[in-house]
Each structure stands twice: as C-alpha cells, then as structure tokens.
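Here's the structure we're looking at; comments come further down.
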Ligand code: OGA
Ligand code: NI
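In the numbering used here, the protein residues as written are -5 to 272.
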C-alpha cells in the first residue's frame, strides 16, 4: 500500500531525526501534517468558533466588510480559481501597513471575541511558521536565519477563514463545483487548520489524495516561494478542496508570505534535484 501523507511530531524540531522527516516530506509530498507543534489547542478552537460565528451572520452584515481594490482584507464570496467560481466564502485578515491595507472587523458584540482570536491566532502561526522555515533552511544547507529576513515586521502573511457550504446540487446532475479549484499556494508556506469534515485533496502521480482531518494537527504545505528557494527540490504541490453534499466545512489557512520587496532565488546550498522516481 502506498505511504499516506506524513504526520510528523515536531515536539523536538531541532533533532536531526525530526528535521530529516520534514526534509523527506517536503521532497516526497510538499505536504505534511504536524503534531506537537505547540500551538495552543484552545486557541485553535477559538479561531474555529470565531469563524463559524462570523459566517453565520446575515449576508448583509458580512457584505459590509467586502474587500475592494484598495484594501484586500475583509469578506469575499465571489472568488475565482482559474476563472471558475469557487463554492466558498472567505474572510482575510492581514496587518495594517498604515496606508491602504487595514483589517476590517465585524461589529460588536461579535468583534469582542472575533478580533482577539484572529490576532492571537495570526501571531501564533507567525511564530510557528518561522520555526518551520528555519528548519527547512537548515535542511537546504543554510543557516537557520537564512530565509527569515523577509519575515520581520512587514511580512505580507495573512490569515484566511474559509467556509465551504454544502454542494448546491446534491443530485449531481448540475455542473460539479469545487470549494477551491486546483492551485498551488503562491507564498512561502501555508499552515492550515481544518475542522473534522474532509475535503482537502493533494495531487500526486496524477491522482487526488485526501488529507484526512486529524484532531490537533495542522497541515503544512510548500508554496511557490519555497520551491524557488529550494531550487525545485521541494515542490509547491497542486491541491484543491471538494465540497460535501450535506455538510459545511471550515478551514483556516495561514499564508506565510515575505514582505513585498523580497527577492527570491535558489539558496546556494540547494543542489539541483535528482527527483526520486514517483
Ligand atoms: C487555500 C486552500 C484548502 C482547504 O485556501 O489555498 O488550499 O482545505 N484551502 O480549505
Ligand atoms: Ni491552497
């Protein structure tokens, strides 16, 4: 039987065995799940609860927070992946840059629990993503800090709340819809929290592999920028989310993106890959 998508306990991230497991997962899959990551389970529960409460609001309230061409943070329900409408609604939160970019918050009383949960979860993901990227740098033959300079105060990371409503036409006679169509993530790394409802799928060997929900775990995947830094040793793998005929699904990706003025080129230590036969 084929090996499943790896689950790695990163409780001892500095140990050579843990780093080797991460390196293997990055080469073989570009996707893995982590446990022992130190991100507080109560905080993960809070962000999920905040997300459910947010999307449960009347459409008119959500649409007051619509993102626009000036400021991408806020609510959106018309997103396209490769020109096809995704069957989802989203809320994006990134930092203010003191100019155009500014978070949009729901009104009280929801804001009173929502804003602290979003801010705390964004902060916890930033810390964890830095630790993972330091481990990857070492795996690529560089010092731990080698990839981190673009991730100081002005990194362009953002947190997304995804809500995938049930399939609009459960009889299956209408056009098939996807929650999010196939794509790679354009940043450095993505950390994804998913609820208990399956839906995330990863493409390998021309087939789709489900990433089963695992309580307490986070899904990590390589984005286009780490692919460049690794000189294609690690690939930003194509993935998508399918929707269920009956059940809502919620996920919370954190896209770890360097500041907009970061240049990328392969790390000197990243050798030309001899890709293992898949
Ligand atoms: C994304 C994504 C997958 C999911 O938002 O980029 O791939 O399971 N989401 O929600
Ligand atoms: Ni994605």
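Using N, Cα and C, we set each Cβ at its ideal position, and we do this for glycine too.
Simplified DSSP assignment, three categories, for residue i
i	result
residue 247	strand
residue -5	At residue -5, the pLDDT of 45 sits below 50, so the modelled position is not reliable; the number obtained from the coordinates is stated separately. In this structure, residue -5 counts as coil in the three-state DSSP scheme.
residue 139	helix
residue 70	strand
residue 109	helix
residue 177	strand
residue 269	The predicted model places residue 269 with a pLDDT of 48, which falls under 50 and marks its position as unreliable, so this point remains unresolved.
residue 229	coil
residue 78	strand
residue 264	coil
residue 118	helix
residue 27	strand
residue 18	helix
Contact test: residue i Cβ vs ligand 1 heavy atom, cutoff 7 Å
i	result
residue 179	yes
residue 126	no
residue 235	yes
residue 174	yes
Heavy atom of ligand 2 within 7 Å of residue i beta-carbon
i	result
residue 203	no
residue 121	no
Endpoints, beta strand (DSSP E) assigned at residue i
i	result
residue 279	No statement about residue 279 is possible, as the shown extent of the chain runs from -5 to 272 and does not include it.
residue 184	183 to 188
residue 198	194 to 198
residue 154	152 to 158
residue 86	83 to 88
Test item: CB-CB of residue i and residue j under 8 Å
i	j	result
residue 184	residue 108	no
residue 28	residue 230	no
residue 87	residue 25	no
residue 30	residue 71	no
residue 127	residue 141	yes
Terminal residues of the alpha helix (DSSP H) in which residue i lies
i	result
residue 202	Taken as a continuous stretch (DSSP letters only), residue 202 belongs to no alpha helix (DSSP H), being part of the beta strand (DSSP E) at 201 to 204.
residue 3	Premise fails: residue 3 lies in the beta strand (DSSP E), 1 to 3, not in any alpha helix (DSSP H).
Same chain only: Cβ atoms within 6 Å of residue i, ignoring 5 sequence neighbours per side
i	result
residue 256	144
residue 64	94
residue 240	160
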